[in-house]
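Numbering (our numbering), first residue to last: 4 to 174. Heads up, the thing below is written out as structure tokens.
And the structure:
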């Protein structure tokens with residue numbers, strides 16, 4: 004390549020897009036609460052893609068150029084997702100409705116691998132005793148479960164973070 008720093012920029016962009024696609028495929032529920040295995044995975048991935056980004060250049064400037072390229076592309080992607088719906092739909096997940104007017108969406112629950120016990124725990128954290136007391140329950144794009152109760156007097160704001168169990172680690 005003509006300019007080694009231009010090479011680093013192109014490599015960094017390629018790794019950024021690979022990681023974006025990989026995270027899109029593996030989904031939001033995997034990121035809702037990081038456990039030890041997830042942190043180890045992130046550290047190992049960052050180490051494994053480092054050479055792919057900077058190649059043989061291990062200088063301070065090479066690392067700074069790679070980091071700058073990642074910050075710039077992340078900034079651009081965020082702007083594009085806010086401005087263009089097609090980019091937003093392509094890169095970001097959508098919230099998933101789990102319960103509507105007390106009726107569970109078993110297809111969504113099965114697809115997202117959310118157990119009945121997880122739903123009951125989320126309802127209790129929102130101060131609700133029964134799932135039928137829920138007007139709307141949604142798995143948000145950040146992996147949290149939000150709940151709106153049917154009874155407006157018991158509205159309570161809480162954030163339920165999904166806990167990873169052993170069968171969720173298979174992805």
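Backbone N, C-alpha and C fix where the C-beta goes; we use that ideal spot for every residue, glycine too.
- Message: Rounding to the nearest angstrom, what Cα-Cα distance links residue 149 and residue 51 in this structure?
- Response: Locating residue 149 in the chain shown gives position 146, counting from the first residue. Locating residue 51 in the chain shown gives position 48, counting from the first residue. Taking the straight line from one Cα to the other gives about 36 Å.
- Item | residue 113 - containing beta strand (DSSP E), residue span | Start at 1 with the first residue of the chain shown, and residue 113 comes out as number 110. Note, residue 113: premise wrong, no beta strand (DSSP E); alpha helix (DSSP H) at 109-115.
- What are the start and end residues of the beta strand (DSSP E) that includes residue 100? Start at 1 with the first residue of the chain shown, and residue 100 comes out as number 97. Element bounds for residue 100: 99-103.
- Query: Cα separation between residue 93 and residue 46?
  - Reply: The residue given as residue 93 occupies position 90 in the chain shown. The residue given as residue 46 occupies position 43 in the chain shown. Computed Cα separation, rounded: 26 Å.
- Task: Within 10 angstroms of the Cβ of residue 19, are there 16 or more other Cβ atoms? Answer buried if so, exposed if not.
- Result: Taking the first residue of the chain shown as 1, we reach residue 19 at position 16. Looking at its Cβ environment, which holds 16 or more other Cβ atoms inside 10 Å, residue 19 is buried.
- Thinking C-alpha only, which one of 48, 147, 118 and 79 is nearest residue 134? On the chain shown, residue 134 is found 131 positions in, with the first residue counted as 1. Answer by Cα proximity: 118.
- Task: Would you mind giving the Cβ-Cβ distance between residue 137 and residue 60, rounded to the nearest angstrom? I have them listed as a contact below 8 Å.
- Result: Within the chain shown, residue 137 is the residue found at index 134, counting from 1. Within the chain shown, residue 60 is the residue found at index 57, counting from 1. About 54 Å; that fails the 8 Å criterion.
- Item | Span of the beta strand (DSSP E), counted from its first residue to its last, around residue 138 | Counted from its first residue, the chain shown places residue 138 at position 135. Residue 138 -> beta strand (DSSP E) spans 137-142.
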